[in-house]
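Trainee: Take a look at this one; I'll ask things after.
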Amino acid sequence: MFTLIEPIKIGDLSLNNRIILAPLTRCRANYQRVPNDLIKKYYCQRAAFGMLITEATSVDPLGVGYPRTPGIWNEDQVKAWKNITDAVHEKGGTIVMQLWHVGRISDPIYTGQAPIGPSAIAANIKVSLIRPEKNYDTPRAVTLEEIRQLVEIYRNGAKNAKRAGFDGVELHGANGYLLDQFLQSKSNIRTDQYGGSIENRAKFPLEVVDAVIDVWGAGRVGYHIAPRCDALGAGDENPAATFSYLVSELSKRNIAFICAREYEAKDSLSPKLKSLFSGKFILNERFTKESGENAIQNGHADAIAFGKLSIPNPDLVQKFKMGEKLNQPNPKYFYNEHKYLFDLAEPLPKEGYYEADKMGYTE
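So, in structure tokens, the structure goes:
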């Protein structure tokens, strides 16, 4: 039985299949972080996926951490995204926006300001996609008033996504970005009501969830997690306890779905987390058609999000149905036409569209 192509209801969303487009940063917006026609084409080509989760989209100018990623904080961005959602809907697709703030994973080269985070602890890694390499700056710990402002910034992003015609939103709470930074003990050493205990560290992420539910209703809200704590300097003293608490609280709020970036292994937390959650549970990372099928049939997931495989295979759903051979992804072409988009020793690349991804198809 081919479970991946079966319809599924996720919250208030009725999907044609269980093949989800994972959010994939492609660095293809213009320099004002407005999505363009190439991004429109990208999502339209993949409209047959059960649900499209957009590339991570910043809710605030201070929340960007990579070149040419799109935003959702101004009118030009809303109008451009509306053009994209209309086109996807014309093709029968369902599209939700991933709302994003990178927190300390930013750099003055993008914002002109010091990055912010829960605590003044820098990510002990190099700034992504910038050459020559440089270390991340130490972030400024946000004040209590700024935390309240950040909740409203997320709320405004959710409102803008609604005006842009999306079918729902997913909060990016994974991979060492702002919500994850507050949640995990390695990046959050605050001593006020937003630090210390698991309950305190989860307070800000859950306040953001509540604000977004207030805009969308719980049935059109999802949350992205990465319980392995393995990205961008993330780390937690007890991931099982931390993520069990978070997922239990998300379940109480009846949100539509959780997408967990975690491959299946003996030490995976996902089976336990799924048992704690009342909504639909989507798994993502390293999955093939066969392993995705097994995860659903074994009760470990309700749907599977495919990332790298979807880049060279915009027709992935059809290829899965027909058993056709897949094009293999080439990381050299994941981001724009340049391996590194901001080389500080060279001029910025010219504005405009770039070559196709050189993977056997044209975008």
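Residues 55 to 417 (the working numbering) are what the sequence shown spells out, left to right. The beta carbon of each residue, even a glycine, is placed where N, CA and C say it ideally should be. Predicted model, so just to flag it, every value in this text is computed and none were measured.
Between the Cα of Asn210 and the Cα atoms of Leu183, Lys63, Leu153, which residue gives the shortest distance?
Mentor: For the residues Leu183, Lys63, Leu153, the minimum Cα distance to Asn210 belongs to Leu153.
Trainee: Got a sec? Which residues, its chain only, sit under 7 Å from Ser302 by beta carbon, not counting five neighbours each side?
Mentor: Leu330
Trainee: Can you tell me the Cα-Cα spacing of Cys98 and Gln382, whole angstroms?
Mentor: 21 Å
Trainee: Within its chain, find whatever has a CB closer than 8 Å to the CB of Tyr394; leave out the 5 residues flanking it on each side and keep chain order.
Mentor: Note that Tyr394 has pLDDT 42, beneath the 50 cutoff, so the model's placement of it is unreliable and no number is given.
Trainee: What does the Cβ neighbour count give for Thr245, buried or exposed, with the cut at 16 atoms within 10 Å?
Mentor: exposed
Trainee: Hey, how far is the Cα of Leu286 from the Cα of Ala310?
Mentor: 27 Å
Trainee: Which two residues bound the contiguous alpha helix (DSSP H) that contains His143?
Mentor: 129-144
Trainee: Go through its chain and collect everything with a Cβ distance to Asn178's Cβ below 6 Å, but skip five positions before and after it.
Mentor: Shown here for Asn178: same chain residues with a beta carbon closer than 6 Å to its own, the five before and five after excluded, namely Gly287 in chain order.
Trainee: Going by the beta-carbon positions, is the gap between Phe335 and Ile312 smaller than 8 Å?
Mentor: Yes, these two residues count as a Cβ contact at 8 Å.
Trainee: What residues in its chain sit with their C-beta under 6 Å from that of Asp161, if we drop five residues either side in the sequence?
Mentor: Val181
Trainee: How should Phe341 be labelled, buried or exposed, when 16 other C-beta atoms within 10 angstroms of its C-beta is the threshold for buried?
Mentor: buried
Trainee: Could you name the residues of the same chain whose beta carbon sits closer than 8 Å to that of Glu380, not counting the 5 residues immediately before and after it, in chain order?
Mentor: Inspection of the sequence shows that residue 380 is occupied by Leu rather than by Glu. Cβ within range, chain order: Leu363, Pro366, Asn367, Leu370, Lys373.
Trainee: Is the segment 220-233 touching the segment 140-154, taking contact as three or more C-beta pairs under 8 Å?
Mentor: yes
Trainee: For Asn229, does the count of other Cβ atoms within 10 angstroms reach 16, so buried, or fall short, so exposed?
Mentor: buried
Trainee: At the level of alpha carbons, what is the spacing between Thr165 and Asn90?
Mentor: 21 Å
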